[in-house]
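*Asks:* Would you mind keeping the following structure in view while I ask a few things?
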Amino acid sequence: MKNLKFNLLYVVLIIGLIISCDNDDNPDPQPDPEVSCIPANLQTNLIAFYPFSGGSINDFSGNNYNLSNSTTAMPAQDRNGNANCAFSFDAANGEFLTYANPTFINGFDSQPFSVSLWFKAEGTRSGGIYEQLIGRDTGLHCPDTYGEWSLGLYDCRNSVFGINDYSLWGDGYPNFYGDTDCANDPSTNVWHHLVVTSDGTPGGTMMYIDGVQTSDTPSTGCSNPQGTNPIGDLFLGKEFTGVLDDVALFGQVLTQSEIMQLFELTPCCS
1 MKNLKFNLLY VVLIIGLIIS CDNDDNPDPQ PDPEVSCIPA NLQTNLIAFY PFSGGSINDF
61 SGNNYNLSNS TTAMPAQDRN GNANCAFSFD AANGEFLTYA NPTFINGFDS QPFSVSLWFK
121 AEGTRSGGIY EQLIGRDTGL HCPDTYGEWS LGLYDCRNSV FGINDYSLWG DGYPNFYGDT
181 DCANDPSTNV WHHLVVTSDG TPGGTMMYID GVQTSDTPST GCSNPQGTNP IGDLFLGKEF
241 TGVLDDVALF GQVLTQSEIM QLFELTPCCS
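The structure is reproduced here in structure tokens:
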């Protein structure tokens, strides 16, 4: 009987050692591949990241600022043709993604931040129409700005960023302004990388299209200013017809070299 008990104890100890060794071989969980595709030097200040991998609208930054979809917006191909790795919107169907009460972006009017995304506008839109790519929304309060702040396309799909009652247009304004037939629309059916940075001061914004800083400077002139109250939900794709991908928010002003790092990345999709 004593030998039997000893043998059983010996077997239990051996099994325990085997399990312990297996755990030592894998002491840490593997990093999420979507987060890993963001350069390591930019991960510390990553606030939210939406690569839409596998059709997911979750935040892959680890902060769990997951989006909601109450519309018919749906997954789409990314810029490399990977299925279910981007998200498609149709303004005619009122499609968008949202995050309610986004307190994590409170203070964007007075703190450094950057937004990076890829977009492909589809179809044609007449002049004077605003399409919101991303922003904190309480409704259109200027012809080229939604809510507290927004990054979008306006008047033949020129890129425009509005915050603190300032607007910053991408190159092309005012060349296309008032071009009601949009015959010279440069953005339709082409993927573009778009980045805006803000240092938290009025007019302290910059814009980069496909890695190149635009030459325009911020200007005022909003006829119905929203002010800087942190109100409204976060929206992606509101009134936009096209596809979005790799949407990232950073709590820092990205440099030119950091923006080029993002521009040169392959799509974050697994």
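Under UniProt numbering, read the sequence shown as residues 1 to 270, first letter to last.
The beta-carbon is built from N, C-alpha and C at its ideal position, and this holds for glycine as well.
Note that the structure is predicted; figures quoted are calculated from it, not measured.
Is DSSP giving A40 helix, strand or coil here?
*Replies:* Correct three-state label for A40: helix.
*Asks:* Distance, Cα to Cα, D28 vs V247?
*Replies:* Here the model assigns D28 a pLDDT of 39, short of 50, so the residue's position is not dependable, and the following value carries that caveat. Spanning the two alpha carbons is a distance of roughly 28 Å.
*Asks:* So, at 8 Å on beta carbons, what are the nonlocal neighbours of D104 in its own chain, with the 5 sequence-adjacent residues on each side left out?
*Replies:* Here the sequence assigns Phe to residue 104, which means Asp is not the residue at that position. Once the five neighbours on either side are set aside, the close Cβ partners of F104 are I47, A48, N63, Y65.
*Asks:* For Y154, list the residues DSSP reports as bridge partners.
*Replies:* Beta-bridge pairing links Y154 to Y130, N158.
*Asks:* In chain order, what residues of the same chain have a beta carbon less than 7 Å from the beta carbon of Y177, not counting five sequence neighbours either side?
*Replies:* Here the model assigns Y177 a pLDDT of 41, short of 50, so the residue's position is not dependable and the matter cannot be decided.
*Asks:* Name the DSSP bridge partner or partners of C85?
*Replies:* The partner list for C85 (beta bridge, DSSP) is empty, contrary to what the question assumes.
*Asks:* Hey, how far is the Cα of P134 from the Cα of V195?
*Replies:* Checking the sequence shown, residue 134 turns out to be Ile, not Pro. Those two C-alpha atoms are separated by around 11 Å.
*Asks:* Say whether the segment 50–63 touches the segment 231–248, bearing in mind that this needs 3 or more beta-carbon pairs closer than 8 Å, one atom from each stretch.
*Replies:* The segment 50–63, when compared against the segment 231–248, does touch it at the 8 Å Cβ threshold.
*Asks:* Give the DSSP bridge partners of T98, in chain order.
*Replies:* For T98, which the question treats as bridged, DSSP gives the partners S68, F235.
*Asks:* With DSSP as the reference, label D22 as helix, strand or coil.
*Replies:* Because the pLDDT at D22 is just 45, under 50, the model does not fix this residue reliably, and the value given afterwards should be weighed accordingly. It is helical.
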